[in-house]
Structures are given as C-alpha cells and as structure tokens.
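Q: Take 212 as the starting number for the sequence shown in this note's numbering and just add one per residue.
Glycine is no exception: its CB is placed at the ideal position from the N, C-alpha and C atoms.
None of the values given here were measured: they were computed from a predicted structure.
Attaching a single structure in structure tokens format; questions to follow.
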Amino acid sequence: MIIDNIDPKTVRSSVGLMLREERLARGLGFEQTADSARIPARYLHRLERGKGYYFVFFKRLLALYGKQVNIEFLIAIILNYSKLNLAAQR
C-alpha cells in the first residue's frame with residue numbers, strides 16, 4: 212500500500228506547502244490567516260514550513276480554505292507535493 216512507504220517528514224512538508232499555496236492563492240496575509248482561523252501565528256508558521264503538525268489548527272485552515280479532510284485528499288497532497296519537493300532538490 213502506498214501509505215506504508217510515506218515518510219512523516221514528507222507528509223508534513225507536503226501539507227505545509229499546500230497550506231502556504233492555498234493562503235497565497237487567496238491573497239491572504241500571514242497574520243490575517245492566523246486571525247481568521249483562530250491559530251497562533253507561530254503555529255501557522257510551523258505548519259506552513261512542515262515543522263509541526265497540529266490537527267486542530269490544520270482542520271481550521273482547511274475550513275477557512277473551503278476544503279475537507281479525507282484520505283484521498285491527503286494522498287493527493289502527498290503525491291503532488293512530494294514530486295515538487297524532488298524536482299526542487301535537483
């Protein structure tokens with residue numbers, strides 16, 4: 212199964228990239244996003260950089276961005292952003 216071969220760091224990094232891109236695509240500033248999602252700015256910073264995983268805050272951001280958590284969504288994020296990470300490292 213694909214999930215068996217996924218490194219947790221890759222997941223955090225991929226989710227962080229997706230969250231940052233969603234924020235920027237909506238034209239939201241960092242502080243504005245943190246306030247709107249009721250997340251301390253330091254946690255938003257860590258989430259976007261793949262340095263932490265705070266599920267409650269993650270869910271709040273997804274709600275703000277109009278997205279829902281399901282396994283297909285998470286797998287798509289991981290696969291898409293893992294490829295981007297590999298390309299950026301070359």
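Span of the alpha helix (DSSP H) holding Val267?
A: Counting along the chain, the alpha helix (DSSP H) containing Val267 begins and ends at Phe266 to Leu275.
Q: So, at 7 Å on beta carbons, what are the nonlocal neighbours of Gly227 in its own chain, with the 5 sequence-adjacent residues on each side left out?
A: Correct list, in chain order: Leu258, Glu259, Arg260 and Gly261.
Q: Which same chain residues, not among the five before or five after Phe269, have their C-beta less than 8 Å away from its C-beta?
A: Excluding positions up to five away in sequence, the list reads Val226, Leu230, Leu258 and Val280.
Q: Roughly how many whole angstroms lie between the Cα atoms of Glu232 and Ile288?
A: For Glu232 and Ile288, the distance between alpha carbons rounds to 12 Å.
Q: Since Ala252 and Phe241 are thought to touch, with beta carbons under 8 Å apart, how far apart are those beta carbons, to the nearest angstrom?
A: Their Cβ separation, rounded to whole angstroms, is 7 Å, which keeps Ala252 and Phe241 in contact under 8 Å.
Q: For Ala245, does the count of other Cβ atoms within 10 angstroms reach 16, so buried, or fall short, so exposed?
A: Its Cβ being crowded by 16 or more others within 10 Å, Ala245 is buried.
Q: Can you name, in chain order, every residue of its own chain whose Cβ lies under 8 Å from the Cβ of Leu273, other than the five neighbours on each side?
A: Closer than 8 Å at Cβ, skipping near neighbours: Gln279 and Val280.
Q: So, are the CB atoms of Gly263 and Tyr276 less than 8 Å apart?
A: No. Outside cutoff.
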